[in-house]
Structures are given as C-alpha cells and as structure tokens.
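Here is the structure we will look at, set down as structure tokens.
In full-length UniProt numbering, the protein residues as written are 1 to 539.
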C-alpha cells in the first residue's frame, strides 16, 4: 500500500504540474495567432485538452507500475496481467486521441503502425478507431470554413452540397458536392481551428513526452513528436497537397510510363481550392481492403496486391517522392476506365491515390542506398544488407535489427536463401515470435529509431501501412510482393549505374549485371509458382 500511495501521489502531482507547465507552453503558442478572438476562445479549450493528456499519461504510467509491481518476468501471471494492462492503456489512449482530436489522432495513427515496437493490443485498438471513426465537424462549422475560404456558403459556391460527410479524418472531412457546371466533386474541408490548436497541442504533447522520458528513460518517443511537428504544417496546407498529387502523377508519366495508366489521382479544381478547402474530382471505387466490394468489381485481390506493391516500389526506388500515408482509406480501387480485361476476361484494376498531404523526398544517395538494401534483403545478400543498413544510419551494432524491422522477420530468416524466406505465414507462432522480439529488444529498437534519419522512419511507416494492406488483400502474405520490390529496386540501381557509366566497358558490365539479375528473378518467380502449386495440391 505504501508503494501504491507513492505512485498515486506521483500520478496526481504529474497531472497537476504538467497541466500547469503545459498551459503556459500552450498559451504562448496560441498567442502567436493572428486572430485574437479565436485565441481567446481556444484558451478555454486547450487547458481541458492538456488536462486529459496529463491525466491519461499519468494513469497509464501508474497502471503499469502498480499492476506489474513484484511480478517476476518469467511467470505466466505477469504475462496475463501485462496483456490486461496493455488493453486498458490502449483504450485510454484511444479515448484521449478521439476526445482531443487533431494532432492527437495523427499521433495515434502513427503509433498504430509501429508493429515492431508497440504491443499488439495497442495496434489492434488504435487501428480499429483511428482510421475510420474520427470525430466530425458540425455542418455549421463546415459552412464557416467554406465561407471564410471561398467567399460564400456551400449552397452558394456549389450547385449541390451534401451536409453529411462521407469521410472524416484527423485534420479534415470530405463532403460530396456538385459544381454549377454539373461536375460531381469531393470537397475536403479542414476542421476549424486546426492551425491554431496544432501549435499549442504540439507544445503540450512534447512537454508530456519529454517529462515521461526523464522519469522512464526507456520511454523515448521524442522522434515521433518531432516527425509530427515537421509534417503537420505541410498536411494543413491543402494547396501543397494538391501540388503533391500533380507531381506524383507527373513522376509516373515520366519515370514509370509502363504503369502510369494504372495509377490515378483525382483532378484538382483550383478555383475552388485554398489552403483549408480542397475541391477534387469525385472518384467512385472500393477501399483497398474492402474485399466484398472488390469482388463485385470483378477484380482479383492478387492483381491489386501486385499493383500496390509495384506502385510504391516505383515511388521509393525510382521517383524518390513517396506518399507516406498509404493506409486503406487512402487507396481506392476501380476498374480501368477503358474497361480493359486481363487474361481469362478478368478486369484490370486501377489504383486511385487519395490524401497527398504527407510526402517525403529521398535524395539520390538515400534512394539508392535504400534500393540496394531492399535488393539485398530480397536476395538474402548479407554483405549488401549490412553495408547499406550502416549507410542509412543503423550502425555496426544495429544493422541486423534494422533488417528485421523492415521485413518483420528474425535475422536467421532474413538471410535464409529460400525463395519464401521473407514471407510471414500468418500463424499464431509467427505473430507471437514477432511480439517476443519487440518486447525483448525494446531498448535497442528505441535506440535505432532515434539514430535513423527521419525520412527513413517515414519509409518504415509506409512499409507498415503497405504490409497491413497486403495482409488484408491476401490471406497468406504474398512472396510475390517481395519479388516485385526486388525487381524494381534492382532496376532503379541499374538505371543509376547506366547514368554514371563513363566507358564502354562500364556499360557492358552494367548490362551483364542487368541480364544476370533478370535471370535470377525469373528463377525466383518460377520457384515461387512451383511452391504455390505444391501448396495448392496439399490443400
């Protein structure tokens, strides 16, 4: 009981002190607003949001310390209690994010993708609620934003405007409308006061995270807060989002012409768009993980999985300009507008990319090193894996851990020459093994994430999103996705070498390497087909 009272005292003091200090940080950030009336209004809401944050952080810390106190690491009782604490804490975190909204939901979405670091209870709870159940703004608030940005209420600016949003995310919500010219459009409207609250929310979240890190040194999520700080202003600028979508499509036309027609971004209506309102062409289709709707379209989930893998491999390894938020709600599938059919009359899918607010650019060095690393991972090339992990910042001591996080496989599987060495079979033993590694190497993983460049951290998030999409499309994760990644990364490296070849001998050498790689990937593909055929006979 003495321990309980001590921890409870810490909990209360932490909440009060953090609230007091954070209120000052938040007020200072809000004071920079150009709208004094808005600042005054927000000053009444920010302390409430801060108190929720402080109380939740203290409650979670108290729950872990008190519930696990005195339980040895190697007993079943501790495992059971830890699962219960994880579940309770995940629900508390979910409620905090949904109640506070904005940057908190953004942080919740980031945390929900950290499978290699965060307990599965958090992943399941946050993924279920952070992507599809975000709070919505009232129609009155939507009207205020549209009037301020476009000069009139929605009913005046548009011929039709549905007051009920079809989707709501952390920063904005989307309404279906029709222009006076008769075009059906999707209107993305930013939640009110996002720009003003973001600065205050960031200051308070940073304070809490730094305070927790001082108390619990193993809790070091400062890199996550830093990433949100850098990316949020760009995501709040919808004109920047529109420009990203145009640049993305231009990259496919110039650098990946053979796949360009299979990837699409909605057209932007520039005369009806500002930094807080974005009007786009309305595109109908199925979310990439909606297998029932995909089946109605007559499209194969395997074809979609291949298209998604190829699309993002081209972005990462050839374009160096990557959509870093490819969760299921941002990937829409429709049949090719030309209605082309593939083999056996199967319809071909087109991937529609939504929400272009979060992109990262990879410089040539980072892009080629990252491509070389993935080529090494797919081909189980130990030397290439180590060399490029170190080049990307993992260091001599953590390169094997970095390789494991990228592939979600232990090191002995990463370097296994078998064609399916990177596939996770999806059985309980595989999942429990991954969770065991995450728990066992938590301090090392935290150190690695602190060392890696922020652009690579976003690539990890992108990989996690794509892995979740792939798992939703195909019951057994596709080895073919890794072969596609290996092919595209190898093509990117060959293209880079050809650009820098300064002699005939060098050109011939690169061409020979290209032929050798093509032969190797062809053999891998044939081995994969034989493996799949044998499995089909067994089942």
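Note that beta-carbon positions come from the ideal geometry of N, C-alpha and C, so glycine has one too. Since this is a predicted model, take the numbers as computed values, not measurements.
- Note that the stretch 453-463 does not touch the stretch 287-294; fewer than 3 beta-carbon pairs, one per stretch, sit closer than 8 Å.
- Segment contact: the stretch 250-269 against the stretch 218-235, fewer than three CB-CB distances shorter than 8 Å; contact not assigned.
- When the five nearest sequence neighbours on each side are left out, the beta carbons in the same chain lying within less than 7 Å of the beta carbon of residue 242 are those of 268, 273, 278, in order along the chain.
- Within the DSSP bridge table, the entry for residue 175 names 187 as partners.
- For residue 444, the number of other beta carbons within 10 angstroms of its own is below 16, and it is reported as exposed.
- Under the rule that a run must span 3 or more residues, the beta strand (DSSP E) segments found entirely inside the stretch 283-339 read 321-323, 331-335.
- Scanning its chain for C-beta atoms nearer than 6 Å, with the 5 sequence neighbours on each side dropped, one finds around residue 142 the residues 189, in chain order.
- In the three-state DSSP reduction, residue 503 falls in the coil class, being neither helix nor strand.
- Here residue 395 has 451 as same chain residues with Cβ atoms under 7 Å from its own Cβ, once five neighbours each way along the sequence are excluded.
- Residue nearest to residue 57 within the set 71, 69, 84, 91 is 91 (criterion: CA-CA distance).
- Our two residues, residue 377 and residue 160, have alpha carbons roughly 52 Å apart in a direct line.
- Going by beta carbons, residue 367 and residue 283 fall outside the 8 Å limit.
- Apart from the 5 residues on each side of it in sequence, residue 206 sits with its Cβ closer than 7 Å to the Cβ of 225 in its chain, given in chain order.
- 251 is the residue among 337, 251, 354 whose C-alpha sits nearest the C-alpha of residue 315.
- Cα atoms of residue 400 and residue 386: separation of roughly 7 Å, rounded to the nearest angstrom.
- Taking the Cβ atoms as the reference, residue 524 lies roughly 18 Å from residue 474, outside the contact range of under 8 Å.
- Taking a contact to require three or more Cβ pairs closer than 8 Å, the stretch 318-336 and the stretch 355-373 qualify as touching.
- When rounded, the separation of the alpha-carbon atoms in residue 313 and residue 530 is 25 Å.
- A residue is called buried when at least 16 other Cβ atoms come within 10 angstroms of its Cβ; residue 310 meets this threshold and is buried.
- Boundaries of the alpha helix (DSSP H) around residue 399: 399-407.
- Comparing alpha-carbon positions, the option among 107, 204, 528, 393 lying closest to residue 169 turns out to be 107.
- Residue nearest to residue 255 within the set 500, 317, 99 is 317 (criterion: CA-CA distance).
- Taken through DSSP and simplified to helix, strand or coil, residue 269 comes out as coil.
- Distance between residue 276 and residue 93, taken at the CA atoms: about 28 Å.
- Within the model, the alpha-carbon separation for residue 74 versus residue 86 is close to 18 Å.
- Put simply, the backbone Cα of residue 502 is about 56 Å away from that of residue 193.
- Using a C-beta cut-off of 8 Å, the stretch 347-355 makes contact with the stretch 297-304, since at least three inter-stretch Cβ pairs fall below that distance.
- Under the three-state reduction of DSSP, residue 138 is assigned to coil, being neither helix nor strand.
- In the structure shown, residue 490 adopts helical secondary structure according to DSSP, grouped into three states.
- Inter-residue distance for residue 88 and residue 77 is about 17 Å (C-alpha atoms, whole angstroms).
- The secondary-structure analysis by DSSP pairs residue 168 across a beta bridge with 173.
- Around the beta-carbon of residue 534, fewer than 16 other beta-carbon atoms lie within 10 Å, marking it exposed.
- Residue 353 sits in a strand when the DSSP states are folded into three classes.
- Taking the Cα positions, residue 139 is about 6 Å away from residue 163.
- For residue 480, the secondary structure class from DSSP, reduced to helix, strand or coil, is helix.
- Residue range 277-281 is occupied by the beta strand (DSSP E) that includes residue 277, with no alpha helix (DSSP H) assigned at that position.
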